[in-house]
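The sequence shown begins at 56 in our numbering and counts up one residue at a time.
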Amino acid sequence: MERFSRLYRDLDSTTKTNAKVDALKAYFAEAPPEDAAWAIYFLSGRKIKRVLPTRDLVDRCLRATDLPYWLFEESYAAVGDLAETIALLLPFEERTSDRPLHEWVEDEISVLRHLDEAARGEAIERAWRAMDRSQRFVWNKLLTGEFRVGVSQRLVTRALAESAGLDIADVAHRMMGPWEPTPSFYKRLLSEDSGDVEISRPYPFCLAHPLQEEPETLGGVKDWLAEWKWDGIRAQAIHRRGEIFLWSRGEEPVLEQFPELAADLQRLPIGTVLDGEALAWKDDAALPFGTLQRRLGRKSVGKKLLAEAPMAFLAFDLLEYDGEDWRQRPLRERRAKLEELLAAQTFERFRLSPVAVGESWDALAELRRESRERRTEGLMLKRLDGPYGVGRTTGLWWKWKIDPYTIDAVLLYGQKGHGRRANLFTDYTFGVWENHQLVPFAKAYSGLTDAEIREVDKFIRQNTLEKFGPVRSVKPELVFELGFENIQRSTRHKSGIAVRFPRILRWRKDKSPDQADFLDTVKSMLPEGTGASQAEAPGDEG
């Protein structure tokens with residue numbers, strides 16, 4: 056645990072990528088395989104199943120510190136992190152534990168779920184007594200499932216690849232899909248030859264950068280493939296050795312949620328892996344994202360939902376064919392084989408993602424204006440002579456998205472942020488006018504500069520009307536321009552609508568609250584045929 060907590064401190068104390076990589080490499084150079092496997096597991100964003108309610112942890116801390124709950128709450132509000140708050144409050148004499156990470160996880164955390172409440176509390180307190188403050192902090196992070204330290208899976212992959220002298224693409228592929236943090240896995244991960252790839256394992260997804268400049272800066276238009284950017288769930292369809300799998304970009308198996316895709320998946324030639332987008336699709340057109348959302352997170356899908364939210368898979372890349380990895384072949388060759396494969400037989404729900412054909416960038420820009428009518432987010436630009444990359448590889452894929460919808464809204468509520476922003480009001484709720492009242496419309500927390508955040512924070516503190524736990528209502532005086540990608544009806548929101556990816560574009564200090572937009576103006580942006588949504592929109596899969 057000492058080695059792992061030291062790694063946490065090293066990673067948390069710098070924002071420099073190379074320094075983080077060096078810290079990771081130093082850790083992997085000295086950590087035993089059984090510890091290194093668990094470190095990779097946590098650092099790559101995986102979590103162990105929660106073994107106790109957060110309230111149990113808080114109660115045990117209150118018992119150990121003899122503090123009243125209100126004082127704990129005040130401390131938590133000041134620190135902004137539960138694990139750190141508890142580590143700072145505990146009064147025990149500090150000791151340094153030399154017990155290895157894997158023992159703390161396998162012999163202590165895993166046992167907690169089998170204990171009754173009293174025994175569980177005693178075990179937690181014994182662990183706290185055996186550790187120093189930084190170790191307790193990391194231990195608490197693992198217990199609460201909130202272990203985050205500012206490194207991506209790609210950064211961990213890079214450090215492992217450099218440590219072992221391997222290609223980063225090989226290491227990234229071995230880390231995809233399900234695996235257990237065991238010494239044998241760690242050794243396979245870093246071996247020169249890991250043997251056959253597990254039949255279910257997807258490839259690391261190639262991701263796109265947002266196009267910030269004019270497309271002419273990319274060179275000739277004929278060097279690029281333009282495709283519509285669909286608003287669905289990015290997925291890989293796999294057929295290997297007679298078994299089929301559908302993986303989301305979040306490395307979750309999703310075939311149970313989209314069972315009607317199974318028949319077409321089975322029709323793919325054995326040894327095939329396709330990259331594409333799973334969409335709600337009917338009458339040869341995409342349905343609103345809210346329709347797709349109704350399918351997400353389900354163990355089974357009933358007949359009614361199958362009929363109301365039918366699915367399609369729009370394939371846009373071929374990653375494996377006849378059991379051979381095709382990712383290093385140029386896109387024009389992968390696309391040609393993909394077209395041939397999908398034309399070879401009749402598929403009911405698997406389709407080729409259509410391209411946008413233009414003889415010039417101006418012609419593509421004209422097509423791009425049709426994006427909302429097609430229920431797409433713009434265009435994807437992919438270099439025809441490029442391979443299929445790992446993660447966001449600069450120069451291969453670009454997102455040429457349409458301009459967002461915009462409205463002017465009034466700040467209604469503020470809430471404190473988390474982590475380093477725990478002492479600032481950074482999460483905001485905005486409203487628009489309806490019948491001479493401001494109706495909550497959207498929440499946003501990005502888009503302001505640090506100086507503007509401090510200014511808004513000061514306004515909230517000085518103009519609070521009411522407090523609702525951590526939320527404060529404020530005088531409706533500040534106007535902001537908000538941007539968002541899509542809009543749909545919603546029965547969960549008081550305004551009757553939900554928007555995707557709302558963010559602050561600018562502070563409209565030139566406008567008074569009465570000049571903010573009306574709800575009817577926002578509703579006029581709804582595309583025709585938009586149905587009601589019951590769920591919040593998740594993050595961008597593109």
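Using N, Cα and C, we set each Cβ at its ideal position, and we do this for glycine too. Every value quoted in this text rests on a predicted model; they were computed, and no experiment measured them.
(request) Quickly, what does DSSP pair W455 with across the bridge? List them, please. (result) In the sequence shown, counting from the first residue as 1, residue 455 sits at position 400. Answer is L434, bridged to W455.
(request) List the endpoints of the continuous beta strand (DSSP E) containing K196. (result) As a position in the sequence shown, residue 196 is number 141, starting the count at 1. Segment 188-199 is the alpha helix (DSSP H) holding K196; no beta strand (DSSP E) there.
(message) Please state whether the Cβ-Cβ distance between A86 and R110 is less than 8 Å.
(response) Taking the first residue of the sequence shown as 1, we reach residue 86 at position 31. Taking the first residue of the sequence shown as 1, we reach residue 110 at position 55. The answer is no: Cβ separation not under 8 Å.
(request) Determine the contact status of I457 and E432, defining contact as a CB-CB distance below 8 Å. (result) Mapped onto the sequence shown, residue 457 falls at position 402. Mapped onto the sequence shown, residue 432 falls at position 377. Yes, Cβ-Cβ distance for I457 and E432 is below 8 Å.
(message) If you measure between the beta carbons of A292 and L329, is that distance less than 8 Å?
(response) Position 237 of the sequence shown, counted from the start, is the residue given in the question as residue 292. Position 274 of the sequence shown, counted from the start, is the residue given in the question as residue 329. Taking 8 Å as the Cβ cut-off, A292 and L329 qualify as a contacting pair.
(request) Would you mind reading off the limits of the beta strand (DSSP E) that contains F496? (result) On the sequence shown, residue 496 is found 441 positions in, with the first residue counted as 1. 492-499 is the span of the beta strand (DSSP E), which, as asked, contains F496.
(request) Mind the definition here: the region 214-232 touches the region 61-74 only if three or more C-beta pairs lie below 8 Å; say whether that holds. (result) no
(message) I'd like the list of long-range same chain contacts for E298, defined as Cβ closer than 8 Å, with 5 residues on each side in sequence excluded.
(response) Locating residue 298 in the sequence shown gives position 243, where the first residue counts as 1. Hits under 8 Å: I254, S255.
(message) Whether or not the region 348-362 and the region 390-406 are in contact is what I'm after, with contact meaning three or more pairs of Cβ atoms, one per stretch, closer than 8 Å; do they touch?
(response) no
(request) Could you tell me which residues DSSP pairs with M366 in its beta bridges? (result) Here residue 366 corresponds to residue number 311 of the sequence shown, with the count starting at 1. Per DSSP, A335.
(request) Going by CA-CA distance only, name the one from E129, T449, L351 that's closest to N478. (result) In the sequence shown, residue 478 corresponds to position 423, counting from 1. If we check each option's Cα against that of N478, E129 comes out closest.
(request) Leaving out five residues on either side along the sequence, give the residues of the same chain with a beta carbon under 7 Å from the beta carbon of P525. (result) For the purposes of this step, residue 525 is taken as the residue at position 470 of the sequence shown. These residues qualify, in order along the chain: Q470, K471.
(message) Does Q291 come out as helix, strand or coil in the three-state DSSP assignment?
(response) By one-based count along the sequence shown, residue 291 stands at place 236. In this structure, Q291 counts as strand in the three-state DSSP scheme.
(message) Measuring alpha carbon to alpha carbon, tell me which residue in I325, L301, L374 is nearest A317.
(response) Counted from its first residue, the sequence shown places residue 317 at position 262. The shortest C-alpha separation from A317 is found at L301.
(message) Once DSSP output is grouped into helix, strand and coil, what is the label at T461?
(response) Within the sequence shown, numbered from 1, the residue matching residue 461 stands at position 406. DSSP places T461 in strand when its eight states are reduced to three.
(message) At 3 residues or longer, what runs of the beta strand (DSSP E) sit wholly inside the region 353-433?
(response) 366-376, 405-407
(request) Would you identify the three-state DSSP class for G446, choosing helix, strand or coil? (result) Counting from one through the sequence shown, the residue named residue 446 turns up at place 391. G446: strand per DSSP, three-state reduction.
(message) Closer than 8 Å is the cut-off here; do at least three beta carbon pairs connect the region 485-500 with the region 257-270?
(response) no
(message) Which residue marks the beginning of the beta strand (DSSP E) containing K522, and which one marks its end?
(response) Position 467 of the sequence shown holds residue 522. Unbroken beta strand (DSSP E) run through K522: 519-523.
(request) Apply the 10 Å Cβ neighbour rule to S60 and answer buried if 16 or more other Cβ atoms are within range, or exposed otherwise. (result) The count along the sequence shown starts at 1 and reaches residue 60 at position 5. Per the 10 Å Cβ criterion, buried.
(message) Restricting to Cα atoms, I'd like to know which of S246, Q208, E139 is closest to P259.
(response) Taking the sequence shown and counting its residues from 1, the one referred to as residue 259 is at position 204. For P259, the nearest C-alpha among the options comes from Q208.
(request) Please state whether DSSP places S545 in a helix, a strand or coil. (result) As a working note, residue 545 is residue 490 in the sequence shown. Residue state, collapsed to three classes: strand.
(request) Report the three-state DSSP secondary structure of H228 (helix, strand or coil). (result) Counting from 1 along the sequence shown, the entry for residue 228 is found at position 173. The answer is helix: DSSP assigns H228 an H, G or I state.
(message) When you compare the region 334-347 with the region 359-369, are there three or more beta-carbon pairs, one atom per stretch, that lie closer than 8 Å?
(response) yes
(message) What would DSSP say about A587, mapped onto helix, strand or coil?
(response) Numbered from its first residue, the sequence shown carries residue 587 at position 532. Bear in mind that the predicted position of A587 carries a pLDDT of just 41, short of 50, making it unreliable; the figure below should be weighed with that in mind. If DSSP states are grouped into helix, strand and coil, A587 belongs with the strands.
(request) Work out the CA separation of S303 and A587 for me, nearest whole Å. (result) Reading the sequence shown from its first residue, position 532 is the one you call residue 587. Reading the sequence shown from its first residue, position 248 is the one you call residue 303. Its pLDDT being 41, under 50, A587 is placed unreliably in this model, and the coordinates cannot settle the point.
(request) Taking I515 as the reference, give the member of E532, A506, E428 with the closest Cα. (result) Here the question's residue 515 lines up with position 460 in the sequence shown. Considering only alpha carbons, the answer is E532.
(message) With three or more beta-carbon pairs closer than 8 Å as the criterion, would you say the region 121-135 touches the region 267-281?
(response) no
(request) Have a look at the DSSP bridge pairing and note the partners of S528. (result) Taking the first residue of the sequence shown as position 1, residue 528 is located at position 473. Beta-bridge pairing links S528 to Y468, E521.
(request) Let me know the secondary structure DSSP gives W283 once reduced to three states. (result) For the purposes of this step, residue 283 is taken as residue 228 along the sequence shown, with counting starting at 1. The answer is strand: DSSP assigns W283 an E or B state.
(request) Quick one: using the 10 Å Cβ neighbour count with 16 as the cut-off for buried, is P557 buried or exposed? (result) Your numbering for residue 557 matches position 502 in the sequence shown. The residue in question, P557, is buried, as its Cβ has 16 or more Cβ neighbours within 10 Å.
(request) Take A178 and list the residues in its own chain whose beta-carbon comes closer than 8 Å to its own, dropping the five residues that flank it on each side. (result) Taking the first residue of the sequence shown as 1, we reach residue 178 at position 123. Excluding sequence neighbours, A178 sits near E163, V166, L167, L170.
(message) Please report the distance separating the alpha-carbon of E414 from that of K549.
(response) Sequence index remark: in the sequence shown, residue 414 carries index 359 (1-based). Sequence index remark: in the sequence shown, residue 549 carries index 494 (1-based). One C-alpha to the other measures close to 46 Å.
(request) Could you name the residues of the same chain whose beta carbon sits closer than 8 Å to that of G287, not counting the 5 residues immediately before and after it, in chain order? (result) Within the sequence shown, residue 287 is the residue found at index 232, counting from 1. So the qualifying residues of the chain are E332, A333, L334, A335, A341, F344, L347, L369, E596.
(message) Suppose the cutoff is 8 Å on Cβ atoms and the five residues either side in sequence are ignored; what does the same chain contact list for T70 look like?
(response) As a working note, residue 70 is residue 15 in the sequence shown. So the qualifying residues of the chain are G205.
(request) Please report the Cβ distance between L434 and L451, rounded to the nearest whole angstrom; I am assuming they are in contact, meaning their Cβ atoms lie under 8 Å. (result) Counting from one through the sequence shown, the residue named residue 434 turns up at place 379. Counting from one through the sequence shown, the residue named residue 451 turns up at place 396. Rounded, the Cβ-Cβ distance is 15 Å, inconsistent with contact.
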